[in-house]
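Under numbering that gives the first Met the number 0, residue 313 is the last one in the sequence shown; the count climbs by one each step, no gaps. Heads up, the beta-carbon is just placed ideally off N, CA and C, and yes, glycines get one too.
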Amino acid sequence: MTTPMHEILIVGLGAIGRVHARVLEQIPGASLVACVDMASASLQFRGQPVPVYPDPAQAAIHHRADVVIIATPTPTHAAVCDQVAAAYPSARLLVEKPAAPTLAGARHMITGIGSRQPVDIAYHMSFSPEVDWGLRIVTGKEAELGPLTAIRACFTDPYSDQPEAAAARFGSSWIDSGINALSVLSRFTQLYDRVSLRSLGPDSWSAFEARITCASTGGPREALIVTSWHVTDPAKTTTIGYESGATLVMDHTAVAGYLIQDGQLTEFFGSDRTLTRQERHYRALYQSWLVNGRPIATAETHLHLHELLLRPAT
Numbered sequence: 000m001t002t003p004m005h006e007i008l009i010v011g012l013g014a015i016g017r018v019h020a021r022v023l024e025q026i027p028g029a030s031l032v033a034c035v036d037m038a039s040a041s042l043q044f045r046g047q048p049v050p051v052y053p054d055p056a057q058a059a060i061h062h063r064a065d066v067v068i069i070a071t072p073t074p075t076h077a078a079v080c081d082q083v084a085a086a087y088p089s090a091r092l093l094v095e096k097p098a099a100p101t102l103a104g105a106r107h108m109i110t111g112i113g114s115r116q117p118v119d120i121a122y123h124m125s126f127s128p129e130v131d132w133g134l135r136i137v138t139g140k141e142a143e144l145g146p147l148t149a150i151r152a153c154f155t156d157p158y159s160d161q162p163e164a165a166a167a168r169f170g171s172s173w174i175d176s177g178i179n180a181l182s183v184l185s186r187f188t189q190l191y192d193r194v195s196l197r198s199l200g201p202d203s204w205s206a207f208e209a210r211i212t213c214a215s216t217g218g219p220r221e222a223l224i225v226t227s228w229h230v231t232d233p234a235k236t237t238t239i240g241y242e243s244g245a246t247l248v249m250d251h252t253a254v255a256g257y258l259i260q261d262g263q264l265t266e267f268f269g270s271d272r273t274l275t276r277q278e279r280h281y282r283a284l285y286q287s288w289l290v291n292g293r294p295i296a297t298a299e300t301h302l303h304l305h306e307l308l309l310r311p312a313t
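So, in structure tokens, the structure goes:
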């Protein structure tokens with residue numbers, strides 16, 4: 000089967016934009032034709048310099064692109080998407096998660112711009128190798144494990160010593176990491192509604208607790224999600240308990256997974272250091288979305304995840 004060819008533009012050459020570029024070097028058929036960045040940035044792709052322009056309109060004068068990746072700070076996503084859609088009205092857009100820091104912004108992108116051209120959100124963690132592994136394990140042992148009974152997700156980053164800079168880039172720990180937790184959980188169960196969302200501690204901690212109702216064959220269950228910037232090191236773990244007493248643990252920072260049954264480790268997944276955690280996550284996403292041609296999610300699913308994330312707390 001012939002590998003599809005893609006001419007790609009990246010908007011935003013910060014840390015995450017450069018992760019996208021490094022991963023795309025490994026994706027068959029991917030060609031990075033240009034980048035957009037307001038700073039005097041430079042980038043090489045497969046050993047060759049990539050032209051960088053100050054805005055999408057300038058890039059469109061010189062380059063075609065059928066895929067545009069938006070990797071700018073979260074608060075800028077909606078405005079940048081408008082610029083990209085005007086310059087590249089036929090391109091598929093891949094926007095870093097979450098789509099926007101407000102529900103109005105997310106709706107504008109997903110159902111507004113998305114009604115005219117394809118818009119997807121890069122839920123990289125939900126495509127990570129340990130998540131794929133965990134899903135295969137629990138699907139293969141469904142009868143043995145029984146219904147899920149408990150879900151705990153804790154996602155933390157050490158940003159409390161720079162809360163203003165982190166907020167300018169990410170919004171809050173809930174906006175930045177809550178979408179990761181939700182997208183991972185959505186691969187294991189249907190998410191119904193957000194029961195509660197509360198802030199914990201001082202604003203600089205950016206710590207939150209959310210409770211989400213979700214489906215189980217034993218009846219609806221409640222998932223607990225905790226996000227925080229008040230930590231020493233990053234840590235991201237999802238734990239799912241089952242009626243049989245089994246526990247599935249996915250360590251997203253280590254890219255590792257464990258299934259514990261009857262007090263013993265019965266299944267194990269790990270990885271080496273040849274690739275970074277983020278590169279493993281994004282490579283799996285691009286393999287599925289760009290190479291295999293599988294949609295990341297429907298517009299309805301994108302919108303539902305953002306409603307769970309961004310609906311005002313009551």
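Beta carbon of residue i nearer than 8 Å to that of residue j
i	j	result
phenylalanine 207	serine 159	no
valine 290	isoleucine 60	no
isoleucine 120	alanine 98	yes
arginine 115	leucine 302	no
leucine 314	isoleucine 150	What the structure shows of the chain is the stretch from 0 to 313, and residue 314 is not part of that stretch, so it cannot be assessed.
glycine 145	tyrosine 241	yes
leucine 307	arginine 193	yes
threonine 148	glycine 256	no
alanine 40	alanine 58	no
threonine 155	alanine 103	no
serine 205	serine 182	no
isoleucine 109	alanine 245	no
Sequence-distant residues of its chain with Cβ nearer than 7 Å to residue i (five each side left out)
i	result
methionine 37	Pro53
glutamine 203	What sits at residue 203 in the sequence shown is serine, not glutamine. So the list reads Ser159 and Pro162, once near-sequence residues are dropped.
leucine 31	Ile7, Ile9, Ala20, Leu23, Phe44 and Val49
threonine 252	Pro233, Ala234, Lys235 and Arg276
tyrosine 281	Val18, His19, Val22 and His123
valine 319	There is no way to answer for residue 319, as the model of the chain reaches only from 0 to 313.
Contacts around residue i, its chain only, beta-carbon distance under 6 Å, and the 5 residues preceding and following it disregarded
i	result
alanine 152	Ala180, Ile224 and Thr237
serine 270	Val254
alanine 214	Thr188 and Gln189
threonine 265	Leu258
threonine 300	none
aspartate 81	none
isoleucine 112	Cys80, Ala84 and Val118
arginine 293	Ser287
Own chain residues within Cβ distance below 8 Å of residue i, not counting five before or after
i	result
serine 195	Glu208, Ala209, Arg210 and Ala312
proline 88	Arg115 and Gln116
arginine 135	none
arginine 63	Glu6 and Val32
tyrosine 191	Ile211, Thr212, Cys213, Ala214 and Pro219
Anticipated Cβ contact below 8 Å, residue i with residue j, distance rounded
i	j	result
threonine 73	isoleucine 174	7 Å
alanine 90	valine 51	The pair is not a contact, with the Cβ atoms about 18 Å apart (cut-off 8 Å).
glycine 133	methionine 249	5 Å
leucine 92	valine 83	6 Å
valine 18	glutamine 260	The pair is not a contact, with the Cβ atoms about 36 Å apart (cut-off 8 Å).
alanine 222	leucine 184	6 Å
histidine 229	glycine 200	6 Å
serine 371	glutamate 143	Since the first residue shown for the chain is 0 and the last is 313, residue 371 is missing from the structure and cannot be characterised.
Option nearest residue i by Cα separation, candidates the options
i	options	result
arginine 220	Thr231, Phe187 and Gly113	Phe187
leucine 274	Ala84, Gly104, Val94 and Ser127	Ser127
leucine 12	Glu95, Arg63 and Gln82	Glu95
glutamate 129	Ile15, Arg279, Thr101 and Gln82	Arg279
histidine 5	Trp288, Tyr281, Phe267 and Glu143	Trp288
aspartate 232	Pro157, Tyr281 and Ala166	Pro157
phenylalanine 267	Ala222, Val137, Thr101 and Arg63	Val137
serine 176	Tyr122, Arg135, Arg282 and Asp81	Tyr122
alanine 167	Val79, Thr75, Thr101 and Ser125	Thr75
threonine 101	Ala296, Asp81, Ala77 and Gln47	Ala77
leucine 309	Ala296, Ile239 and Arg197	Arg197
cysteine 34	Ala296, Pro55, Ala14 and Gly46	Pro55
isoleucine 295	Ser125, Arg272 and Ala165	Ser125
Cutoff 8 Å: residue i Cβ touching any chain C Cβ
i	result
glycine 28	Among the chains in the structure shown there is no chain C, since it carries only a single protein chain.
Residue i Cβ short of 7 Å to the ligand ADP heavy atom set
i	result
proline 27	Here there are no bound small molecules, and the ligand ADP is not part of this structure.
Beta-bridge partners of residue i, as assigned by DSSP
i	result
serine 30	Glu6
tyrosine 257	Val248 and Phe267
tyrosine 241	Leu147
proline 48	Gln43
valine 67	Leu8 and Leu92
serine 198	Phe207
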